[in-house]
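Numbering (the UniProt record's numbering), first residue to last: 1 to 52. Built from N, CA and C at the ideal position, the CB exists for glycine as well. Inspection log for the structure reproduced underneath, given as structure tokens.
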Amino acid sequence: MHDLILMTIIAKTRVFLNRTIIKWISVTAGFLLIGFAVYFAVEFFKSVFEIG
């Protein structure tokens, strides 16, 4: 059900967004995901090695 709602939202809003905006949203989301991954990796190694 979640996928159907998400696909509907994307299909409806895609009319208002051009390819450049969609590309930059995707790039920004990618960098945010990489940032979260780095943050959690650092926290993991801090907890494993009890640094700081």
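Item: Cα-Cα separation between residue 30 and residue 2, rounded to whole angstroms; Value: 21 Å
Item: Cα-Cα separation between residue 9 and residue 32, rounded to whole angstroms; Value: 21 Å
Item: Boundaries (first-last residue) of the alpha helix (DSSP H) holding residue 7; Value: 2–13
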